[in-house]
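In our numbering, the protein residues as written are 20 to 207. Beta carbons: idealized from backbone N, C-alpha and C, even for Gly.
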Amino acid sequence: MSPRKSAGKELSRDMVLNEARNLFATLGYSNVSMRQLAKSLDCSHGAIYYHFKNKAEIFYSLVKTDFSVLNTLIDDIMSENDPSIKMEKILLCFLEFGLTQQNHYSIMFLSKEKEIQQLLQFDSNKTYEKLIQSLTDLTDNKLNPASIWSIFLSLHGFITFYINSELSYQDVKGLAYFHVKNIIRNII
């Protein structure tokens with residue numbers, strides 16, 4: 020048996036977050052304990068408490084970072100000069116994020132546990148509002164809430180379908196582009 024990692028020397032905050040993300044995505048939040056996380060990291064559970072107060076803090080650190088990354092990607096596209104392809108880029112960006120960062124996306128949008136829904140609500144709403152505002156700014160047509168929700172569900176459905184397959188974003192990039200073109204055709 021190998022020696023355990025000590026709290027302040029080898030075990031980093033990022034190591035805890037990366038392992039927690041994998042466990043949360045594969046087992047579900049409620050099925051992961053601090054002791055199980057420690058065992059997976061080959062350290063004492065006290066070593067994890069050196070970095071985080073509890074499991075909820077670990078989870079929130081993950082989702083807050085993930086939503087921030089997605090928001091930044093959308094902001095970067097919105098700051099580009101060519102408005103004619105911004106909508107396409109935003110929708111493709113969302114699909115690419117979901118399929119290249121599958122564990123991130125699963126935690127952000129596919130977690131079913133009621134215990135963590137409150138932790139997700141603020142940041143997911145912020146990202147959804149950013150998506151709404153971006154799409155609204157990029158079309159002359161007035162998008163009603165039902166249309167915007169339908170667009171989100173169309174993107175989300177595409178991602179969740181392929182998350183459950185063995186295909187990567189590169190494998191379905193052509194289909195993603197075709198899907199986005201169909202969505203845009205119905206918006207404009």
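Could you check the C-alpha separation between residue i and residue j for me, to the nearest Å?
i, j, result
"residue 64", "residue 29", "14 Å"
"residue 198", "residue 70", "42 Å"
"residue 131", "residue 48", "9 Å"
"residue 99", "residue 54", "46 Å"
"residue 156", "residue 56", "43 Å"
"residue 87", "residue 121", "16 Å"
"residue 190", "residue 118", "10 Å"
"residue 167", "residue 113", "14 Å"
"residue 61", "residue 34", "11 Å"
By the three-class DSSP mapping on this structure, what secondary structure does residue i have?
i, result
"residue 21", "Low per-residue confidence applies at residue 21: pLDDT is 48, beneath 50, and the placement is therefore not dependable, though the value from the model is reported in the following sentence. Reduced to three states, the DSSP call for residue 21 is coil."
"residue 119", "helix"
"residue 201", "helix"
"residue 131", "coil"
"residue 126", "helix"
"residue 207", "coil"
Would you call the CB atoms of residue i and residue j closer than 9 Å?
i, j, result
"residue 93", "residue 153", "yes"
"residue 149", "residue 90", "yes"
"residue 128", "residue 78", "no"
"residue 207", "residue 170", "no"
"residue 85", "residue 126", "yes"
"residue 74", "residue 52", "yes"
"residue 177", "residue 195", "yes"
"residue 159", "residue 83", "no"
"residue 139", "residue 151", "no"
Taking the continuous alpha helix (DSSP H) assigned at residue i, which residues delimit it?
i, result
"residue 187", "Per DSSP, residue 187 belongs to no alpha helix (DSSP H) and is neither H nor E."
Report yes or no: is there a C-beta of chain D within less than 9 Å of the C-beta of residue i?
i, result
"residue 50", "Of the protein chains in this structure there is only one, and it is not chain D."
Contiguous beta strand (DSSP E) assignments of at least 3 residues, all confined to the stretch 30-102: Within the stretch 30-102, no complete beta strand (DSSP E) run reaches 3 residues.
Which runs of the alpha helix (DSSP H) spanning at least 4 residues fall entirely within the stretch 147-182, listed in chain order? The qualifying runs are 164-182.
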